[in-house]
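In the numbering used here, the protein residues as written are 123 to 376. Take a look at the structure below.
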């Protein structure tokens, strides 16, 4: 199944990084968060990627064009430009990079990839969130319900410490735990090709009319992921993911 990754936004809340590189290229453990997301899919056997580019598209294109060189030792003949690689760590991924416009909204970016996806189901996610999700369990859930769209529902992480209070006595204190009540959109969608029909044009926001209409028509189902999920919206989020990686406690790590 083909995988669309939205990687074209401006990432304004991470402007200390995104003035230089696009948000999906912000590194965690020395690798772009985009690389981490793709590894989760590839680990589950899904390696055909379609990256929807926009803001600073050239940085993502350059990364993949030089991927094998960057991840290998090599010798270079300066007279001919010939490169000989050693200890090549090439991956068996197919990566299609598509410029979906500087100012397109999330739905518009998906619509622009319709000709690449064709008349088949596809997976879709954002280029800034990681999870320890079982992709194949998600696919089985989608196949079993027969609706147009599946969204992965996740528990958000609390911004502040959570107190369980009995009277005036604190019975439990958890520093920024994962909230156990309520669900939010965690990305990691699976869509039938009919979903393209719900997207009008470049100005369409994925999270508005397309998904709202799918829900109203009874065509949007939620796969409830109880495990780890974390988006990278702020520097605080980035630092948390980096800390988990450095401490070898990253739940999404393969």
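Using N, Cα and C, we set each Cβ at its ideal position, and we do this for glycine too. Please read these numbers as outputs of a predicted model, since none were measured by experiment.
_C-beta atoms of residue 328 and residue 205 nearer than 8 Å_ = Position 206 of the chain shown holds residue 328. Position 83 of the chain shown holds residue 205. In this structure, residue 205 does not lie closer than 8 Å to residue 328 by Cβ.
*asked:* Three Cβ pairs or more, each shorter than 8 Å: is that satisfied between the segment 186-193 and the segment 252-262?
replied: no
_I need the straight-line Cα distance from residue 335 to residue 125, nearest angstrom please._
Translated into the one-based positions of the chain shown, residue 335 becomes position 213. Translated into the one-based positions of the chain shown, residue 125 becomes position 3. Distance between the alpha carbons of residue 335 and residue 125 is about 23 Å.
*Spatial neighbours of residue 225 in its chain, beta-carbon cut-off 7 Å, leaving aside the 5 residues before and after*: Position 103 of the chain shown holds residue 225. Closer than 7 Å at Cβ, skipping near neighbours: no residue.
*What are the start and end residues of the beta strand (DSSP E) that includes residue 216?*
Numbered from 1 along the chain shown, position 94 holds the residue referred to as residue 216. Element bounds for residue 216: 216-221.
*In this structure, does DSSP put residue 346 in helix, strand or coil?*
Mapped onto the chain shown, residue 346 falls at position 224. If DSSP states are grouped into helix, strand and coil, residue 346 belongs with the strands.
*Give me the Cβ distance between residue 230 and residue 323, rounded to the nearest whole Å; I'm assuming they're in contact under 8 Å.*
Numbered from its first residue, the chain shown carries residue 230 at position 108. Numbered from its first residue, the chain shown carries residue 323 at position 201. Confirmed, Cβ separation roughly 6 Å.
*Taking only the alpha-carbon atoms, compute the straight-line gap between residue 160 and residue 289 and give it to the nearest angstrom.*
The sequence position of residue 160 within the chain shown is 38, counting from 1. The sequence position of residue 289 within the chain shown is 167, counting from 1. Roughly 47 Å separates the two Cα atoms.
*For residue 187, name the three-state secondary structure that DSSP assigns.*
In the chain shown, the residue the question calls residue 187 occupies position 65. Three-state DSSP puts residue 187 in a helix.
_Nearer than 7 Å: is that true of the beta carbon of residue 241 relative to any heavy atom of the ligand COA?_
No copy of the ligand COA appears in this structure; indeed no ligand is present at all.
*Buried or exposed: which applies to residue 198, given that a residue is buried once 16 or more other Cβ atoms fall within 10 Å of its Cβ?*
Working through the chain shown from its first residue, we reach residue 198 at position 76. Burial call: exposed.
*Between residue 274 and the rest of its own chain, which residues show a CB-CB distance below 6 Å, the 5 nearest in sequence each way excluded?*
Along the chain shown, one-based indexing puts residue 274 at 152. Here the set comprises 308, 310, 345, 347.
*By Cβ distance, which residues of its chain are closer than 6 Å to residue 249, with the 5 residues on each side in sequence left out?*
Start at 1 with the first residue of the chain shown, and residue 249 comes out as number 127. Closer than 6 Å at the Cβ level, and outside the excluded window around residue 249, lie 127, 128, 129, 146, 156.
*Could you please give me the residues that DSSP links to residue 207 through a beta bridge?*
In the chain shown, residue 207 corresponds to position 85, counting from 1. Answer is 196.
*asked:* Please report the distance separating the alpha-carbon of residue 246 from that of residue 149.
replied: Along the chain shown, read from residue 1 onward, the residue named residue 246 stands at position 124. Along the chain shown, read from residue 1 onward, the residue named residue 149 stands at position 27. In a straight line, the C-alpha of residue 246 is about 21 Å away from that of residue 149.
_Whole-angstrom distance between residue 261 and residue 209, CA atom to CA atom_ = Within the chain shown, numbered from 1, the residue matching residue 209 stands at position 87. Within the chain shown, numbered from 1, the residue matching residue 261 stands at position 139. Answer to the nearest angstrom: the Cα atoms are 35 Å apart.
*Proximity to residue 135 [Cα-Cα], best of 372, 240, 342, 353*: Position 13 of the chain shown, counting from 1, holds the residue named residue 135. With distances taken between Cα atoms, residue 135 lies closest to 353.
_Among the candidates 132, 321, 373, whose CA atom is the shortest distance from the CA of residue 350?_
Reading the chain shown from its first residue, position 228 is the one you call residue 350. Nearest option by C-alpha distance: 373.
*So which of 171, 268, 240, 140 has the shortest CA-CA distance to residue 319?*
Residue 319 sits at position 197 when you count from the first residue of the chain shown. Nearest of 171, 268, 240, 140 to residue 319, Cα basis: 240.
*Look at the Cβ atom of residue 177, then the Cβ atom of residue 144, and state whether they are nearer than 8 Å.*
Locating residue 177 in the chain shown gives position 55, where the first residue counts as 1. Locating residue 144 in the chain shown gives position 22, where the first residue counts as 1. The answer is yes: Cβ separation under 8 Å.
*On the three-state DSSP scale, how would you describe residue 307?*
Sequence index remark: in the chain shown, residue 307 carries index 185 (1-based). In the structure shown, residue 307 sits in a strand (DSSP, three-state: E or B).
*Can residue 235 and residue 174 be called in contact, C-beta distance under 8 Å?*
The residue you call residue 235 lines up with position 113 of the chain shown. The residue you call residue 174 lines up with position 52 of the chain shown. Result yes, Cβ atoms of residue 235 and residue 174 sit closer than 8 Å.
*Whole alpha helix (DSSP H) runs in the segment 221-272 with 4 or more residues, listed along the chain?*
228-234, 236-239, 257-267
*Starting from the Cα of residue 375, find the closest Cα among 165, 138, 278, 360 and give me that residue.*
By 1-based counting over the chain shown, the position of residue 375 is 253. Per the Cα distances, 165.
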